[in-house]
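Here is the structure we will look at.
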Amino acid sequence: KGKKIFKIWSAFILKKGSSGDPARVTRLHMFKYYLLFVIFIVSPFVSLVFYLTYPFFYNRIKLKLKYYQSVSLK
0 KGKKIFKIWS
10 AFILKKGSSG
20 DPARVTRLHM
30 FKYYLLFVIF
40 IVSPFVSLVF
50 YLTYPFFYNR
60 IKLKLKYYQS
70 VSLK
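Letter 41 of the sequence shown, counting from 1, is numbered 40 in the working numbering, and no numbers are missing.
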């Protein structure tokens, strides 16, 4: 997912000009603050939700793992 979002941001920044163009400084600052927000605010929240919901899905994960280990590929 990160690769897809990076492509969107890079296209958005490149619309203002090539490397070194002062017109794209604002968009670079926007990207910087977006990254900081995602890394320090969103990422810990998503990790917390994952670890809180993991015990509820543990049995389902074990069953799927057992099923896929028993399926032979041709």
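Quick reminder that beta carbons are idealized off the backbone N, C-alpha and C, glycines included. Source: prediction; values computed, not measured.
If you follow the alpha helix (DSSP H) that residue i is in, where does it begin and where does it stop?
i   : result
S17 : Unbroken run through S17: none, as it is neither H nor E.
R26 : 24-36
V45 : 42-69
Please check if any C-beta of chain D sits within less than 8 Å of the C-beta of residue i.
i   : result
K15 : Absence of chain D from the displayed structure is noted, only one protein chain being present.
Here's a check: name, in chain order, each residue in its chain whose Cβ is nearer than 6 Å to the Cβ of residue i, leaving out the five neighbours to either side.
i   : result
F30 : W8
Take residue i and list the residues in its own chain whose beta-carbon comes closer than 8 Å to its own, dropping the five residues that flank it on each side.
i   : result
Y33 : W8
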